[in-house]
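Peer 1: Count the sequence shown with this note's numbering and you get residues 4 to 613, in order. For every residue, glycine included, the Cβ atom is placed at its ideal position computed from N, Cα and C. The model shown is predicted, which means the values in this text are computed figures rather than measured ones. Quick one: this structure, given as structure tokens, is what I'll be asking you about.
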Amino acid sequence: MKLCNASLALALLAVPAVLLTGCATDAASTAAATAPGTALTGRVFGGQQPVSGAAISLYAVGTTGLGSAPTSLLTFPVNTNASGAFSITADYTCPSATTQVYIVARGGNPGLTAGMTNPALVMMAPLGDCGNLSPSTFITINEVTTAASAWALAQFAPATASGAAFGATATNATGIRNAFLVANNLVNVATGLAVGASLPTAATLESAKLYTLADVLAVCINSNGGSACNPLFSAATQGFTPTNTLDAALNIVRNPGLNVAAVYNANNAQGPFQPTLTTVPNDWTMSITYTGGGLYAPTALGIDSTGSIWAANYFGGVASKLSASGIPASANGFADSNLYESYGLAIDTADNAWITVEETSGSVNSGDGSITKFSSTGTLLSGSGYTAGGIYYPYAIAADSNGQMWVADFGRSSATLLANDGTSASGTAGYTPTGLSFPTSVALDGSHNAFFGVQGSSVKVTPAGVGTIYTCCKSPAGVALDPAADVWIADYSASAIVELNPTGALTQTLTATGGIQYPESVTTDAGGRVWDTNYRGNTISGFTPSGASATPLSPSTGFGVDAKLSQPFGLAIDSAGNLWVSNFAVNTLTQFVGLATPTKTPRLGLPAKP
């Protein structure tokens, strides 16, 4: 097998200058009309060896649920020639211009004796918007495009043998479209190498880890599909034993904390893609870290209906917004002279961003804080700041499905309920039920009740201001509810994650598992999984609840060691299944690609499927 590094490969590849990036913008189009297909060309390579006789399929993603059956678009069979090349004529129709499409290669001869094939060979490449395909589109299908697709699209595949099926519900076209955007940030589909041409210039991804997994796949791909594949399939056995390389990749990235060394060691020689990792990674998560947009000690995060992510900044006097693919909406952020010491952020039903200002200048609320509100385009809507309802050193904020906003007022040990125009729905002084002592976090259930993290407990407050104390914890820093309305609390100084049932009874306390270390924030996804940021541990942890005993998804070290998280503070999950984390110490946001269950955004009450 010919060996080469990424830069040499780029020099050797003869490909068109126009690169397929998946889509032109991040906003999902509403166009539903079909669009004509176009001629396409490409090649299939196993490592650096052409794969001849591979069967090529072009698919539109399924639309009836996660992992639903895709639509095959080709009318006539297409196979690769002796040099691995293939051509597709314009004899297909795009269901719509924004339908997400992908291409799959199955079987073929990756340089074996004439007449032999590899039945375990299944590779793919993520194409994106069908309407963006053109005769100048050149496609490489190899191990790197396959690994990148697996990370970005795993949450849209079946949990069992995939059959190369990827799909979403009809109501989550935005989520799967954004997943294809991220896939094209990971890989350049024209060259089959990292990184994608659409990746923002200042962003960084774990390209060595991407190449390492590609090399692991190459051992099986460049074989007859027999014993050479056994180490990969054994290491990737989670729930079922895969029989092809795509299913193996999907199993690995869906279970990134399991069999980490076994996957790494399935690469038995120097592989075709370099540079690679020189030691076993902490886990098989894939991260992209973004900067820009005015990020300055970012804290809380929120995601709007398009998948764009907002960040509150402790310093800098601005709020930051990045697109679903990490492009800043404003180079320097959206300014408000009040913004200072901002710990809380929430996105409302209209995609407006609400941010807490713990302290203001003396001319606003006597310096005792306010709430800033921006429109989805960054226009300041709150004037000199919302201060009604007893706003006093506001620390956290949550958006309700009825358009109201709950605020945790740390300084007054109170709760403020605001209407969408910033007026108070909780009187002039807010709600002060017994036990609401110095609240630092707030989350909502499906009945408009707010749950606050306070010193020594959690307090449930109804829209009428009636409070109920749930004694549970030492010093809650974050609070979240799962789809079953169980309450999860990040107990910072106890280095614990605490679960309460909907009546407030203690269900379990997690310590010294999954990497928990001084958890700052906690959230849940639509699949009921629980995630937290470990502020001092520089990691995140994940858990799958199982009755009264949660199962760690993350290793004992937590996830994110390879991503080099630095004082991770806030976190949020988007409808593509990406988990976003703010790095307070280094002014960046880290995106863990496809790690969580896709969850409807913005977050309004209990987590829901998009």
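#1: What whole-angstrom Cβ distance do A151 and V190 have, given they're in contact under 8 Å?
#2: Can you tell me where the beta strand (DSSP E) with F141 in it begins and where it stops?
#3: What does the alpha-carbon distance come out to for the pair G228 and S345?
#4: Do the segment 286-302 and the segment 561-575 make contact, defined as three or more Cβ pairs closer than 8 Å?
#5: Determine the contact status of G388 and S429, defining contact as a CB-CB distance below 7 Å.
#6: Can you tell which of F572, S440 and A265 has its C-alpha closest to the C-alpha of Q241?
#7: Let's test the definition: count the other Cβ atoms within 10 Å of the Cβ of G40 and tell me whether it reaches 16, buried, or not, exposed.
#8: Measuring alpha carbon to alpha carbon, tell me which of L77, L213, A401 and A38 ends up nearest G608.
#9: Compute the Euclidean distance between the alpha carbons of A38 and L77, then round it to the nearest angstrom.
#10: Taking T363 as part of the beta strand (DSSP E), name the residues at either end of that continuous run.
#11: How long is the line joining the alpha carbons of T66 and K477, rounded to whole angstroms?
#12: Name, in chain order, the residues that DSSP records as bridge partners for M126.
#13: Using 8 Å as the Cβ pair cut-off and three pairs as the minimum, do the segment 416-434 and the segment 578-591 touch?
#14: If you draw a straight line from the alpha carbon of A27 to that of A418, how long is it in whole angstroms?
#15: For K376, write down the residues that DSSP places opposite it in a beta bridge.
#16: DSSP state of V482, grouped into three classes?
#17: Which residue wins for smallest C-alpha separation from T526, given the options P122, S498, L130 and T602?
#18: Rounded to the nearest angstrom, what separates K463 and D403 at their Cα positions?
#19: Please give me, in chain order, every unbroken run of the alpha helix (DSSP H) with length at least 4 that falls completely inside the segment 137-190.
#20: Short check: CB of L342 to CB of G305, under 7 Å?
#21: Suppose contacts are defined by Cβ-Cβ distances below 7 Å. Is Y3 in contact with P129 by that definition?
#22: What distance in whole Å lies between the Cβ atoms of A334 and S311, which are believed to be in contact at a cut-off of 8 Å?
#23: Answer yes or no: do C223 and L213 have a C-beta to C-beta separation smaller than 7 Å?
#24: Using the beta-carbon count (16 or more within 10 Å), is T24 buried or exposed?
#25: Can you grab the Cα-Cα spacing for the pair A662 / A446, in whole Å?
#26: Please determine if the segment 572-579 and the segment 176-185 are in contact, where contact requires at least 3 C-beta pairs separated by less than 8 Å.
#27: If we ignore side chains and look at the alpha-carbon of each, how far apart do K612 and Q158 end up?
#28: Can you tell me where the alpha helix (DSSP H) with S237 in it begins and where it stops?
#29: Grab the span of the alpha helix (DSSP H) containing D250 for me, first residue to last.
#30: In the DSSP assignment, what residue or residues form a beta bridge with S345?
#31: Taking only the alpha-carbon atoms, compute the straight-line gap between T292 and A197 and give it to the nearest angstrom.
#32: Would you mind working out which of A467, F169 and A173 sits nearest A453, comparing C-alpha positions?
#33: Considering only C-alpha positions, which residue in the set S369, G372 and S308 is nearest to N355?
#34: Looking at G433 and W154, is the spacing between their C-beta atoms short of 7 Å?
#35: Identify, in the order they occur along the chain, each residue of the same chain with its Cβ nearer than 8 Å to the Cβ of L69, setting aside the five sequence neighbours on each side.
#36: If distances are taken between C-alpha atoms only, which option among R532, A193, F89 and T92 comes closest to S552?
Peer 2: So, from the listed chains and residues:
#1: Against the sequence shown, residue 151 aligns to sequence position 148. Against the sequence shown, residue 190 aligns to sequence position 187. That belief holds up - the Cβ atoms of A151 and V190 are roughly 4 Å apart, short of 8 Å.
#2: Position 138 of the sequence shown, counted from the first residue, corresponds to residue 141. Element bounds for F141: F141 to I144.
#3: Counting from one through the sequence shown, the residue named residue 228 turns up at place 225. Counting from one through the sequence shown, the residue named residue 345 turns up at place 342. Whole-angstrom Cα-Cα distance: 55 Å.
#4: yes
#5: Walking along the sequence shown from the start, residue 388 turns up at place 385. Walking along the sequence shown from the start, residue 429 turns up at place 426. For G388 and S429, no; Cβs fall outside 7 Å.
#6: Along the sequence shown, one-based indexing puts residue 241 at 238. Cα-wise, what sits closest to Q241 is A265.
#7: As a working mapping, residue 40 is identified with position 37 in the sequence shown. The residue in question, G40, is buried, as its Cβ has 16 or more Cβ neighbours within 10 Å.
#8: Here the question's residue 608 lines up with position 605 in the sequence shown. The shortest C-alpha separation from G608 is found at A401.
#9: Translated into positions along the sequence shown, residue 38 becomes position 35. Translated into positions along the sequence shown, residue 77 becomes position 74. Cα to Cα, A38 sits roughly 14 Å from L77.
#10: By 1-based counting over the sequence shown, the position of residue 363 is 360. Here T363 belongs to no beta strand (DSSP E), and DSSP marks it neither H nor E.
#11: Position 63 of the sequence shown holds residue 66. Position 474 of the sequence shown holds residue 477. Approximately 46 Å between the Cα atoms of the pair.
#12: In the sequence shown, residue 126 corresponds to position 123, counting from 1. Note: M126 sits in a beta bridge opposite A108.
#13: no
#14: Against the sequence shown, residue 27 aligns to sequence position 24. Against the sequence shown, residue 418 aligns to sequence position 415. The pLDDT assigned to A27 is 35, lower than 50, so where the model puts this residue is not dependable, and the model offers no usable value.
#15: Walking along the sequence shown from the start, residue 376 turns up at place 373. Partner(s): W357.
#16: Numbered from 1 along the sequence shown, position 479 holds the residue referred to as residue 482. Here V482 sits in strand by DSSP.
#17: Counting from one through the sequence shown, the residue named residue 526 turns up at place 523. Nearest C-alpha to T526: T602.
#18: Here residue 463 is taken as the residue at index 460 of the sequence shown, counted from 1. Here residue 403 is taken as the residue at index 400 of the sequence shown, counted from 1. About 15 Å.
#19: 146-156 and 176-189
#20: Position 339 of the sequence shown, counted from the start, is the residue given in the question as residue 342. Position 302 of the sequence shown, counted from the start, is the residue given in the question as residue 305. With a cutoff of 7 Å on beta-carbon distance, L342 and G305 are scored as not near each other.
#21: In the structure displayed, the chain extends from 4 to 613; residue 3 sits before or after that span and is not available.
#22: In the sequence shown, counting from the first residue as 1, residue 311 sits at position 308. In the sequence shown, counting from the first residue as 1, residue 334 sits at position 331. Actually they do not touch by this definition, with Cβ atoms about 15 Å apart.
#23: Taking the sequence shown and counting its residues from 1, one reaches residue 223 at position 220. Taking the sequence shown and counting its residues from 1, one reaches residue 213 at position 210. Not in contact: C223 and L213 (Cβ atoms no closer than 7 Å).
#24: Residue mapping note: residue 24 aligns to position 21 of the sequence shown, counting from 1. Annotation note: pLDDT 34 at T24 (below 50); position unreliable, coordinate value reported separately. Buried, because 16 or more other Cβ atoms sit within 10 Å of the Cβ of T24.
#25: No statement about residue 662 is possible, as the shown extent of the chain runs from 4 to 613 and does not include it.
#26: yes
#27: Residue numbering aside, residue 612 sits at position 609 when the sequence shown is read from its first letter. Residue numbering aside, residue 158 sits at position 155 when the sequence shown is read from its first letter. Distance between the alpha carbons of K612 and Q158 is about 12 Å.
#28: The sequence position of residue 237 within the sequence shown is 234, counting from 1. Segment N233 to A238, the alpha helix (DSSP H) holding S237.
#29: In the sequence shown, counting from the first residue as 1, residue 250 sits at position 247. Start and end: T248 to R257.
#30: The residue labelled residue 345 in the question sits at position 342 within the sequence shown. Paired residue(s): none; S345 is not in a bridge.
#31: Residue numbering aside, residue 292 sits at position 289 when the sequence shown is read from its first letter. Residue numbering aside, residue 197 sits at position 194 when the sequence shown is read from its first letter. Roughly 15 Å between the two C-alpha positions.
#32: Here residue 453 refers to the residue found at position 450 of the sequence shown. The candidate whose alpha carbon is nearest that of A453 is A467.
#33: The count along the sequence shown starts at 1 and reaches residue 355 at position 352. Cα-wise, what sits closest to N355 is S308.
#34: As a position in the sequence shown, residue 154 is number 151, starting the count at 1. As a position in the sequence shown, residue 433 is number 430, starting the count at 1. Taking 7 Å as the cut-off, the beta carbon of W154 is found no closer than this to the beta carbon of G433.
#35: Here residue 69 refers to the residue found at position 66 of the sequence shown. Taken in chain order, the residues that qualify are Q158, F159, A160, P161, G170, A171, T172 and P601.
#36: Residue mapping note: residue 552 aligns to position 549 of the sequence shown, counting from 1. For the residues R532, A193, F89 and T92, the minimum Cα distance to S552 belongs to R532.
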